[in-house]
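Under UniProt numbering, the very last position in the sequence shown is 100; numbers go up by exactly one each time. The C-beta atom is built at its ideal place from N, Cα and C for all residues, glycine as well. Presented below is the structure to which this report refers.
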Amino acid sequence: MRWMMALLLLIPALPAAAQGPPACTAEIEGQTACMARKLCECRFERGGQLTGRADRFVWDCGVMRPLCPPDPATSQGGGPSPPIGVWLQPQIGGVPGPLR
C-alpha cells in the first residue's frame with residue numbers, strides 16, 4: 001500500500017517528453033514558430049556545390065530574427081521597463097568627498 005502511494009506521488013515528477021520542432025515543408029512556408037525564445041520562420045533555402053547541400057525547407061532562427069512576443073497568460077504586467085542606458089542618481093545631502 002505504501003509503495004502505491006509513493007508511486008502516485010512520483011508520477012507527476014517525471015519529466016515530460018520534449019517535442020521536436022514542427023516539420024518545415026512547402027505547405028507551411030512563411031509560417032513562424034517560437035523556438036528557444038526566437039521567432040523562427042520556415043523558408044526555402046537553396047543548396048549548392050560549395051555547401052554540399054540540396055535545396056530544402058529549413059527553419060530560419062538566425063541572429064537577425066526577433067524574439068518571441070511575451071505570453072500574455074504568463075506576463076506579470078508590472079508596467080513599462082526603464083530605457084536601457086546608464087542612470088546616475090544625484091547624491092542627497094551634499095557634495096561627495098575627494099577620491100583617495
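- Looking only at 31, 62, 46 and 63, the smallest Cα-Cα distance to residue 55 is reached by 46.
- C-alpha of residue 59 to C-alpha of residue 40: approximately 6 Å in a straight line.
- The three-state reading of DSSP puts residue 27 in helix, counting H, G and I together.
- Looking at the DSSP output, residue 56 sits in a beta bridge with 45.
- The criterion of a C-beta distance shorter than 8 Å is satisfied by residue 24 and residue 57.
- The C-alpha of residue 19 is placed about 31 Å away from the C-alpha of residue 48.
- Membership of residue 35 in the beta strand (DSSP E) is indicated by the continuous run 32-35.
- Residue state for residue 50 is assigned as coil, using DSSP reduced to three classes.
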